[in-house]
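Notes for the one structure printed next.
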C-alpha cells in the first residue's frame, strides 16, 4: 500500500476482534519500528511485547479502555530510555564499526554532550519520549501497511505497568500500542482544515 | 512506494542540492501531516512553511547546520500548541458537526479535562510536543514516499526562531524539518539489533 493510502486508512482502533496476529507480522512491524529515526540516532526506546492473554487481563485495569486491551492480539509497551551514557556509547561503537570518519565521530560526541548527557533524569525522560513518538508513528502506520490495526494509547497508569512488568528504573513506560484486527469499520477522519494548522 | 520500502530508504539528509520542490509536493506532504494521529485528536501543532531564500539565510545561523538550512527547498517549523482550551473546543465542535453521539462527546470532554486542561504551560508544551513528533513522523516518511528528502532537526535555537518568525507566545518551536532533494546518497542505516530494543 502506498504511504498516502496508509495514512488515510489508519485509524485509532478502539475495539479488536480477538484474532491473533501471526508472529511474522509482529516481526515485520518491529523491524519498521527499529528503523525509525531518532535525534543523534540514539534510539532511546525499549519495547515490551505482550501477547499472553493472562498478562493482557492483568494490565487491562491499568488502562483507560480494558476491553481494547483484552481484545487486542498484542500490546506494545513503549518505554523511554534515560540511560544516555549507554545509548551514546552503543551509538558511537556502531559508528566506529561502520568506519565513520573520526571528525564526524567527534562532532556527534560533542552534540551528545551538549544535548543529552547534560540533562537530568526528568529532562532525559522528556527528550527520549519525543523520539519514542517517532517510533510510535512507524508502529501505527506500519500496522496498517502490514494489514492490521492499532491504537496509540496514553491513557494508562505507567507506574502500574512498571510494577506488573517489572520495568527497570531507568525506563519509563510512556505510551502503549494495542495491535490486532479492528472489530468495527473506521469512523470518518476528523481533522482541522489545513489553514488552521499553518502559521 | 510500499511503506516498508519508505522506511528503509528514508534517511536524515544533511545536505540538499538546492533544487526547489514543486508546490504540489509540499501540498501533498502537508495533507499527510494534517492526517497524523494525536492523543484525543487535539492536533496540537502549528507549522510554519519557509521557502523564501532570504528567510532561510536569516534562520540559518540559528540552526546547528546552516548549510542544510540554506540548501533545503523548504523548511517546516513545527510548533507545539499550548492553547488547549481552543484545541479542545475546536475538536468538540468537529465531533458535533460529524454527529458523534453525546455519550462519547461527554467521555472525550472528561478525558480532555483529566489529561490536558489541568496541565500547566510547561506540561502542555511537553504533551503537545509528543504529538508533534507523530506529525513529524508523517513528514519524514511522507517526504520519501513523495520522492524527496528530509531531516528532522532539534539542534536549533527555538527563541531565535520565535523572534525571527514572530511566533505567538502560546506556540513553541520544537523541531524543524528541512525538505528538498539530497545532494549525497544515503549512508547505510545504523541501528541497534532487535534484541537490544526489546524489553
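Protein chains in written order, with my numbering: chain U, 1284 to 1482; chain C, 1284 to 1482. Don't be surprised by glycine CBs; every beta carbon is placed ideally from N, CA and C. A quick note: this is a predicted structure, and the numbers were derived from the prediction, not measured.
Contacts with chain C (Cβ-Cβ distance below 8 Å) from the segment 1432-1455 of chain U involve 1435, 1437, 1438, 1448, 1450, 1454, listed in chain order. Beta-bridge partners of residue 1364 of chain U (DSSP): U:1454. The C-beta of residue 1339 of chain U comes no closer than 8 Å to any C-beta of chain C.
At a cut-off of 8 Å between beta-carbon atoms, residue 1467 of chain U makes no contact with chain C. Rounded to the nearest whole angstrom, the CA to CA distance from residue 1333 of chain U to residue 1309 of chain U is 11 Å. Contact between the segment 1429-1442 of chain U and the segment 1376-1386 of chain U is absent, with fewer than three C-beta pairs closer than 8 Å. Identification of chain C residues near residue 1308 of chain U by a Cβ-Cβ cut-off of 9 Å yields none; the smallest Cβ-Cβ distance measures about 12 Å. Secondary structure note for residue 1408 of chain U: its alpha helix (DSSP H) is the uninterrupted segment 1404-1428. In terms of beta-carbon proximity, residue 1333 of chain C stays away from the interface with chain U, with every pair separated by 8 Å or more.
The C-beta distance from residue 1374 of chain U to residue 1324 of chain U rounds to 6 Å, short enough to meet the 8 Å contact threshold.
The C-beta distance from residue 1390 of chain C to residue 1462 of chain C rounds to 38 Å, too long to fall under 8 Å, and the pair is not in contact.
Residue-level contact check: residue 1459 of chain C does not touch chain U, since none of the beta carbons of chain U fall below 8 Å from its beta carbon. Across the set C:1470, C:1291, C:1347, C:1446, the C-alpha of C:1470 shows the shortest separation from the C-alpha of residue 1381 of chain U. The way I'd put it, the segment 1403-1412 of chain U doesn't touch the segment 1300-1315 of chain U; fewer than three beta-carbon pairs between them come closer than 8 Å. The continuous alpha helix (DSSP H) containing residue 1308 of chain U extends over residues 1306-1317. The criterion of a C-beta distance shorter than 8 Å is not satisfied by residue 1305 of chain U and residue 1364 of chain U. Contact check for residue 1331 of chain C against residue 1448 of chain C passes: the beta carbons are separated by less than 8 Å. Residue contact check for residue 1416 of chain C against chain U: a CB pair falls below 8 Å. DSSP, reduced to helix, strand and coil, places residue 1461 of chain U within a strand of the structure shown. Counting only the Cα atoms, residue 1336 of chain U lies some 14 Å from residue 1344 of chain U.
For residue 1348 of chain U, there are no C-beta contacts with chain C under 7 Å, since the nearest C-beta of that chain is about 10 Å from it.
Contact of residue 1396 of chain U with chain C is not assigned, every C-beta pair being separated by 8 Å or more. Residue burial annotation: residue 1293 of chain C is buried, with at least 16 other C-beta atoms found within 10 angstroms of its C-beta. Those residues of the segment 1375-1397 of chain C placed with their C-beta closer than 7 Å to a C-beta in chain U are 1377, 1378, 1381, 1394, ordered along the chain. Around the CB of residue 1352 of chain U, 16 or more other CB atoms lie within 10 Å, so the residue is classed as buried. Sorting U:1295, U:1321, U:1423 by C-alpha distance to the C-alpha of residue 1435 of chain C places U:1321 at the top. Proximity of chain U to residue 1475 of chain C at the Cβ level (cut-off 7 Å) is accounted for by 1326, 1373, in chain order.
The beta-carbon of residue 1358 of chain U is placed no less than 8 Å from the nearest beta-carbon of chain C.
In the DSSP secondary-structure assignment, residue 1447 of chain C is not bridged to any residue. Around residue 1419 of chain C, the beta-carbon contacts reaching into chain U at under 7 Å are 1417. Chain order gives the chain C residues near residue 1284 of chain U as 1285, 1286, where near means a beta carbon separation below 9 Å. Within chain U, no C-beta atom comes nearer than 7 Å to that of residue 1296 of chain C; the closest sits roughly 11 Å away. Assigned with DSSP and collapsed to three states, residue 1438 of chain U falls in coil, not helix or strand. For residue 1305 of chain U, there are no C-beta contacts with chain C under 8 Å, since the nearest C-beta of that chain is about 16 Å from it. DSSP places residue 1376 of chain U in the helix class (H, G or I) of the three-state scheme. The residues 1353, in chain order, have a CB closer than 7 Å to that of residue 1340 of chain U in the same chain once the five nearest residues on each side in sequence are set aside.
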